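Contents: one structure, followed by commentary.
Residue numbers (our numbering): 93 to 431.
Structural data, given as structure tokens:
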């Protein structure tokens with residue numbers, strides 16, 4: 093009896109692979125909407141070219157995703173469409189904001205694609221995320237080069253010296269026993285700065301969204317997002333300032349006075365919630381790598397604040413009917429009566 097060569101048979105998609113593809117489809121449809129709006133408004137030719145490249149990547153990825161979903165006989169998510177963007181709306185943010193925005197979002201993409209690649213088994217899915225990673229690195233390089241050339245890029249704090257390898261032998265390195273905290277180490281300072289830049293970009297985005305939404309529930313949600321982001325920014329900025337280390341500058345000045353929404357309420361709420369979901373993972377990573385107990389505590393408190401905001405995000409998305417159901421496991425409950 094011949095044994096089938098399983099290597100040559102394309103296996104079914106796993107739950108992890110479906111989740112990655114599903115999530116990417118929704119995020120790339122959002123990226124298309126945002127890129128189209130930015131291209132209709134920006135004046136800076138370098139920023140325009142960057143978003144042209146962004147739009148082409150998102151459309152390329154969506155083409156591949158649609159083919160995969162079709163081949164697997166899976167329904168596509170709804171995601172976002174041209175109905176979710178108003179190309180006639182005046183500029184809500186400056187060109188500078190959009191340049192910083194796409195750089196920060198590209199870093200999210202790099203992290204997400206790496207995870208998607210690592211949880212995929214099928215070769216065609218791995219090949220897809222391998223290419224997505226390359227695309228994201230290309231976009232990252234383009235964005236950071238423009239930021240640096242314009243003098244906008246903000247580098248994390250410099251440390252003036254390095255020390256020979258030393259072992260930690262005292263609890264005081266970790267715990268504030270007598271009210272005399274040690275200086276931040278390079279990992280702690282780097283994580284704080286990294287998270288501050290993301291919180292500052294999120295705060296400006298949400299501030300702009302709050303300015304244009306007319307829905308009371310969504311306005312209140314954006315208010316909560318702003319309160320949470322501002323609290324986190326103030327705490328971590330003070331940690332750097334206590335040691336005469338610079339903090340990233342705020343981006344609120346890059347918001348115009350427009351009161352016309354460029355995007356649907358659904359897109360704006362989803363985008364805000366998406367950023368707070370991501371923030372919890374970054375704070376968790378910073379917490380477990382911080383050896384100063386007060387820094388770890390601030391990260392823990394920030395996660396709790398973000399989780400509260402995420403809970404509000406979930407409630408408003410359900411209330412508005414904006415959450416799409418992911419594919420569910422096969423129902424094999426054999427207690428059901430056979431028809």
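Even glycine gets a Cβ: it sits at the ideal position worked out from N, Cα and C.
Just so it is clear, the structure is predicted and the values come from calculations on it, not from any experiment.
What residue range is occupied by the uninterrupted alpha helix (DSSP H) comprising residue i?
i	result
residue 178	Residue 178 -> no alpha helix (DSSP H), and no H or E assigned at all.
residue 338	Segment: none, residue 338 is in no alpha helix (DSSP H) and carries neither H nor E.
residue 414	That residue, residue 414, is in no alpha helix (DSSP H); it is neither H nor E in DSSP.
residue 455	Given a span of 93 to 431 for the chain in the structure shown, any question on residue 455 remains unanswerable.
residue 211	Element bounds for residue 211: n/a, residue is neither H nor E.
residue 145	137 to 163
residue 250	Neither: residue 250 is in no alpha helix (DSSP H) and is coded neither H nor E.
residue 112	107 to 133
residue 309	308 to 333
DSSP beta-bridge partners for residue i?
i	result
residue 347	185
residue 355	177
In chain order, what residues of the same chain have a beta carbon less than 8 Å from the beta carbon of residue i, not counting five sequence neighbours either side?
i	result
residue 397	320, 323, 324
residue 131	140, 143, 144, 147
residue 235	142, 191, 194, 195, 198
residue 411	309
residue 364	294, 297, 298, 301, 313, 314, 317, 405
Measure the C-alpha to C-alpha separation of residue i and residue j and round it to an integer number of angstroms.
i	j	result
residue 355	residue 178	6 Å
residue 375	residue 395	6 Å
residue 281	residue 199	19 Å
residue 284	residue 243	22 Å
residue 231	residue 274	38 Å
residue 202	residue 192	16 Å
residue 392	residue 316	19 Å
residue 381	residue 337	20 Å
residue 418	residue 111	7 Å
residue 228	residue 353	28 Å
residue 218	residue 121	21 Å
residue 342	residue 290	11 Å
residue 94	residue 103	Any reading at residue 94 is ruled out, since the residue's pLDDT is 44, under 50, leaving its predicted position unreliable.
residue 124	residue 108	24 Å
residue 245	residue 197	15 Å
residue 261	residue 370	Confidence at residue 261 is low in this model, with a pLDDT of 48, below 50, so the placement of that residue should be treated as unreliable; the coordinate-derived value is given next. Going from the Cα of residue 261 to the Cα of residue 370 covers about 35 Å.
residue 223	residue 339	34 Å
residue 180	residue 328	38 Å
residue 157	residue 166	11 Å
residue 226	residue 349	37 Å
residue 414	residue 366	13 Å
residue 408	residue 361	8 Å
residue 138	residue 162	36 Å
residue 372	residue 239	26 Å
residue 332	residue 189	24 Å
residue 237	residue 149	18 Å
residue 357	residue 311	10 Å
residue 287	residue 420	34 Å
residue 155	residue 377	33 Å
residue 216	residue 184	40 Å
residue 127	residue 307	24 Å
residue 390	residue 249	19 Å
residue 153	residue 214	17 Å
So, is residue i buried or exposed, given that buried needs 16 or more other C-beta atoms within 10 angstroms?
i	result
residue 182	exposed
residue 300	buried
residue 247	exposed
residue 159	exposed
residue 133	buried
residue 175	exposed
residue 344	exposed
residue 187	buried
residue 384	buried
residue 135	exposed
residue 434	Because the chain in this structure spans residues 93 to 431, residue 434 falls outside the shown range and cannot be described.
residue 233	exposed
residue 292	buried
residue 326	exposed
residue 241	exposed
residue 346	buried
residue 330	exposed
residue 386	exposed
Which residues in the same chain have their Cβ closer than 6 Å to the Cβ of residue i, if we skip the five residues on either side of it in sequence?
i	result
residue 368	398, 401, 402
residue 278	251
residue 388	379, 382
Which same chain residues, not among the five before or five after residue i, have their C-beta less than 7 Å away from its C-beta?
i	result
residue 164	105
residue 221	205, 208, 209, 212
residue 446	Since the first and last residues shown for the chain are 93 and 431, residue 446 lies out of range.
residue 359	122, 125, 172, 176
residue 351	303, 304
residue 335	275, 276
residue 151	124
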